[in-house]
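Trainee: For what it's worth, the numbering used here labels the leading residue of the sequence shown as -18, then goes sequentially.
Glycine included, each C-beta is placed from N, C-alpha and C at the ideal position.
Sending over a structure as structure tokens; questions will come in a sec.
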Amino acid sequence: MPFAPVLRSEWLKIRTLRSLLGALLALFAATTAFSAFSAIAGVSETSDPEFDPLFMALSGVAPGQIAAISFGAMAVSSEFHGGGLRLSLAAVPRRGWWFAAKATAIAVPTLVVGLVTAFAALAVARAGLGEAASGLSTGEQIRGVVGCGIYLTLMALLAAGLAAVLRSGVAALSLLIPLVLIVSFVIGDVADWATDFMPDRAGQIVLFETHDGPLGPWTGLAVTAAWAAAALAAGAWSLRHRDA
């Protein structure tokens, strides 16, 4: 079976599930709102030597990524309810082909919404920061917006792969949300260098104007991509070797 019809069918599933569309809407709303609030509240911190206007403008990604993670996890876990996976595999017997289409149907809308969200968040946050953001170059802003969109996409794919392994969106969220909200910071208190290689902290390096550490903006995203690829590979293996 050609890939295009499989991809269309998976996109149709995502488009018709209100919870998934709601997650993408929440991604936009939460990221933009928190970035605007952080910018207004952070104006008083501009004299701090560690103040980073680009990260401040895109800081709404921290709560917004929860929506991206939820989107990826729910898009896959929905297949494990009501015999959905059996029907999908009956239509597309090549399990790897089907899982590739599912991952693509998750990645493309997340990337589009992520780019739009990052642009909107940067625009509203810059208005709140005023002169504090005037030193940001065009290249830095483009890198922040593009990097933010890619980062959110990779986190959604990481969640999708984990949900395929665990066969549960709740289980995947129970692992990933504490990871990005708590574990990275705990590890940072014990071994600061280790946080740069956690999937969330590595990918978010691209959101900083400057960053001191072993990874740069794009190598940090490469680390997050490696985490996402490992999760997807594990999900594909699980799908091939376990009963539907």
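Do Leu117 and Pro34 have their C-beta atoms within less than 8 Å of each other?
Mentor: yes
Trainee: What would DSSP say about Thr119, mapped onto helix, strand or coil?
Mentor: helix
Trainee: Comparing alpha-carbon positions, which option in Ala14, Leu147, Asp181 lies nearest Pro159?
Mentor: Out of Ala14, Leu147, Asp181, Asp181 has the C-alpha closest to the C-alpha of Pro159.
Trainee: Starting from the C-beta of Ala86, find all residues in its chain whose C-beta is less than 7 Å away, skip the five residues before and the five after it, and write them out in chain order.
Mentor: Leu(-12), Glu(-9), Trp(-8), Ile(-5)
Trainee: Between the Cα of Gly45 and the Cα atoms of Phe9, Lys83, Ala207, Phe61, which residue gives the shortest distance?
Mentor: Phe9
Trainee: Please determine whether the Cβ atom of Phe36 lies at a distance below 7 Å from any heavy atom of the ligand FMN.
Mentor: Summarising the ligand content, the structure contains no ligands, and the ligand FMN is consequently not present.
Trainee: Which residue comes first and which comes last in the alpha helix (DSSP H) that contains Asp193?
Mentor: It is not in any alpha helix (DSSP H) - Asp193 carries neither H nor E in the DSSP assignment.
Trainee: Does DSSP classify Arg76 as helix, strand or coil?
Mentor: helix
Trainee: Could you give the distance in angstroms between the alpha-carbon of Ser219 and the alpha-carbon of Glu112?
Mentor: So the alpha carbons of these two residues sit roughly 52 Å apart.
Trainee: Exposed or buried, what is Ile163 when buried is set at 16 or more other beta-carbons lying within 10 Å of its beta-carbon?
Mentor: exposed
Trainee: Do Thr91 and Leu147 have their beta-carbon atoms positioned less than 8 Å apart in this structure?
Mentor: no
Trainee: Can you have a look at Glu190 and say buried or exposed, based on whether 16 or more other CB atoms are within 10 angstroms of its CB?
Mentor: buried
Trainee: Let's test the definition: count the other Cβ atoms within 10 Å of the Cβ of Arg223 and tell me whether it reaches 16, buried, or not, exposed.
Mentor: exposed
Trainee: Please name the residue, chosen from Leu66, Val161, Ala81, Leu1, that lies closest to Pro(-14) on a Cα-to-Cα basis.
Mentor: Ranked by how close their Cα comes to the Cα of Pro(-14), the residues Leu66, Val161, Ala81, Leu1 have Ala81 in first place.
Trainee: Once you ignore the five residues that flank Val105 on each side, which residues in its own chain have a CB closer than 8 Å to its CB?
Mentor: Thr13, Ser16, Ala17, Ala20
Trainee: Can you tell me which of the three DSSP states Leu(-2) falls into?
Mentor: coil
Trainee: Closest by CA to Gly150, which one among Glu31, Thr119, Ala54, Gln122?
Mentor: Ala54
Trainee: Which whole-angstrom value is the C-beta distance of Ala99 and Gly130, which I expect to be below 8 Å?
Mentor: Their Cβ separation, rounded to whole angstroms, is 6 Å, which keeps Ala99 and Gly130 in contact under 8 Å.
Trainee: Let me confirm a value: Leu5 is counted as buried when at least 16 other C-beta atoms fall within 10 Å, else exposed. Which label applies?
Mentor: buried
Trainee: If you check the beta carbons only, do Ala250 and Arg107 fall under 8 Å apart?
Mentor: Outside the displayed span of the chain (-18 to 225) sits residue 250, for which this structure offers no information.
Trainee: If you check the beta carbons only, do Ala140 and Ile50 fall under 8 Å apart?
Mentor: yes
Trainee: At which residues does the alpha helix (DSSP H) containing Arg221 begin and terminate?
Mentor: For Arg221, the enclosing alpha helix (DSSP H) starts and ends at 198 to 222.
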